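Going by the working numbering, the sequence shown opens with residue 1, and the numbers climb by one from there.
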Amino acid sequence: MLLKDKVCIVAGASSLRSIGYATAELFIKHGAHVVVTDVMMNDDVLNQIKFEIEKNLGVTIKIDGIQCDISKKSKCDRLIAQVQSKYGTIDCLVNSAGIVRSGPILDISEAELSLMFDINLKGAFYLCQSVLEVFVKQESGTIVNVASLAAQRGGGLVGGAHYAASKGGMLSLTKSIAREFGHLGIRANAICPAMIDTPMVDGLSPERLQSITDAIPLKRMGSTREMAGTCLYLASELSGFVTGATIDVNGGTHIH
Ligand SMILES: NC(=O)c1ccc[n+]([C@@H]2O[C@H](COP(=O)([O-])OP(=O)(O)OC[C@H]3O[C@@H](n4cnc5c(N)ncnc54)[C@H](O)[C@@H]3O)[C@@H](O)[C@H]2O)c1
1 MLLKDKVCIV AGASSLRSIG YATAELFIKH GAHVVVTDVM MNDDVLNQIK
51 FEIEKNLGVT IKIDGIQCDI SKKSKCDRLI AQVQSKYGTI DCLVNSAGIV
101 RSGPILDISE AELSLMFDIN LKGAFYLCQS VLEVFVKQES GTIVNVASLA
151 AQRGGGLVGG AHYAASKGGM LSLTKSIARE FGHLGIRANA ICPAMIDTPM
201 VDGLSPERLQ SITDAIPLKR MGSTREMAGT CLYLASELSG FVTGATIDVN
251 GGTHIH
């Protein structure tokens, strides 16, 4: 049990096929109290998540679900306050919420750019700011930000430049948090996944998908369980001396 009794918030977990869902399930398996949050969260979604985790783990579980649009600072503050008041502490935030859009740079409208930055970058910033208020008081806490390979290579697989730029900002944010709060024992790390089998890659044609996977050294897409494993490593004491890091989970797509 790597997260026994740890209070963990997982953002971006409404789909049973998401990285966030798989992370919530693995964290619960490792003894964590998990709060799943998403703009799409509601009682039905939470019940589905609970049902699926109980089926997979073969035990009755407790899990909280809170609806939150992370692009709104006040909503992020309210989410963190709710979790803090219920549990008295928060040990970990995994931010896996986000959107992806593709398209050439010159076709990206102001509205599309704003939406992308509001959710992927400002949303991550707000969530981190809100949870850091708690982490600073307790002098502990871990943040795992799910960025993207697009941040490292400049889009080109699924996301456009606005997506890549938003995730690049997330990497910089993560490093800044690691630098500014390390002296308090607070850690922040980022993961750069690529081609993980989730709803996010559903828009690709079979031909495009095949040509992308052909170019991956491991010759397949990654699974959400493999992403969850990396989140578990970064959330737990297994990675106690790791902060400000960017971990590649891409099957060797980008070896650098
Ligand atoms: N799947 C991949 O290959 C891949 C590759 C690189 C990066 N990522 C990143 O992984 C993360 C998880 O994506 P996924 O693949 O599990 O897809 P997903 O679409 O299942 O998960 C993203 C979740 O974010 C939620 N969300 C969107 N806007 C939100 C908002 N304003 N507030 C709160 N929640 C919001 C969505 O409802 C969704 O449940 C994303 O940040 C994505 O950019 C995924």
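By construction, the Cβ of each residue, glycine as well, lies at the ideal position given by its N, Cα and C atoms.
Just so you know, these numbers come straight off a predicted model, no measurement behind them.
| The alpha helix (DSSP H) spanning residue 179 covers which residue range? | It spans 161 to 181 - the alpha helix (DSSP H) in which residue 179 sits, taken as one unbroken run.
| field | Reference residue 164, options 116, 251 and 87, closest by Cα | value | Checking every option, the nearest Cα to that of residue 164 belongs to 116.
| field | residue 121 in three-state terms, based on DSSP | value | In this structure, residue 121 counts as helix in the three-state DSSP scheme.
| query | Measuring from the CB of residue 17, is there a heavy atom of ligand 1 at a distance below 8 Å? | reply | In terms of side-chain proximity, the C-beta atom of residue 17 is found nearer than 8 Å to a non-hydrogen atom of ligand 1.
| request: Taking residue 120 as the reference, give the member of 252, 73, 231 and 187 with the closest Cα. | output: Comparing Cα positions, the closest option is 73.
| What separation, rounded to the nearest whole angstrom, lies between the Cα atoms of residue 105 and residue 230? | Their Cα atoms are separated by approximately 32 Å.
| said: Tell me which residue opens and which closes the alpha helix (DSSP H) that residue 65 is part of. | reply: Element bounds for residue 65: not the alpha helix (DSSP H) but the beta strand (DSSP E), 63 to 67.
| Would you say residue 116 faces chain B, with C-beta separation under 9 Å as the test? | The chain labelled as chain B is not found in the depicted structure, where only one protein chain is given.
| message | Can you tell me whether residue 104 is helix, strand or coil according to DSSP? | response | In the structure shown, the three-state DSSP call for residue 104 is coil.
| field | For residue 216, the nearest candidate out of 249, 244, 136 and 185 (CA to CA) | value | When each option's Cα is compared against that of residue 216, the closest is 249.
| task | Taking 9 Å as the cut-off, decide whether the C-beta atoms of residue 222 and residue 202 are in contact. | result | Cβ distance not < 9 Å, so residue 222 and residue 202 don't count as in contact.
| request: Within the same chain, show all residues whose beta-carbon is closer than 7 Å to that of residue 100, passing over the 5 residues directly before and after it, in chain order. | output: Once the five neighbours on either side are set aside, the close Cβ partners of residue 100 are 158, 159, 163 and 200.
| task | Excluding the 5 residues preceding and the 5 following residue 2 in the sequence, name in chain order all residues of the same chain whose CB lies nearer than 7 Å to its CB. | result | Listed in chain order, the non-local C-beta contacts of residue 2 below 7 Å within the same chain comprise 30, 232, 236 and 238, local neighbours out to five positions each way being set aside.
| message | Please classify residue 40 as buried or exposed, where buried requires at least 16 other C-beta atoms within 10 Å of its C-beta. | response | With fewer than 16 other Cβ atoms within 10 Å, it is exposed.
| Closer than 8 Å: is that where the CB of residue 98 sits relative to any heavy atom of ligand 1? | Yes; taking the cut-off as 8 Å, the Cβ of residue 98 has a heavy atom of ligand 1 nearer than that.
| said: Does the distance between the C-beta of residue 28 and the nearest non-hydrogen atom of ligand 1 fall short of 8 Å? | reply: Every heavy atom of ligand 1 is 8 Å or more from the Cβ of residue 28, so no.
| task | Below 8 Å on the Cβ atoms is my guess for residue 167 versus residue 188; work out the distance and round it to an integer in Å. | result | Going by Cβ atoms, the distance from residue 167 to residue 188 rounds to 15 Å, so no, they are not a contact pair.
| field | Same chain, Cβ closer than 6 Å to residue 15, neighbours up to 5 away in sequence not counted | value | Only 199 meet the Cβ criterion.
| Euclidean distance between Cα positions of residue 63 and residue 48 | Taking the straight line from one Cα to the other gives about 11 Å.
| query | Apart from the five residues on each side of it in sequence, which residues of its chain come closer than 7 Å, Cβ to Cβ, to residue 152? | reply | Hits under 7 Å: 192 and 254.
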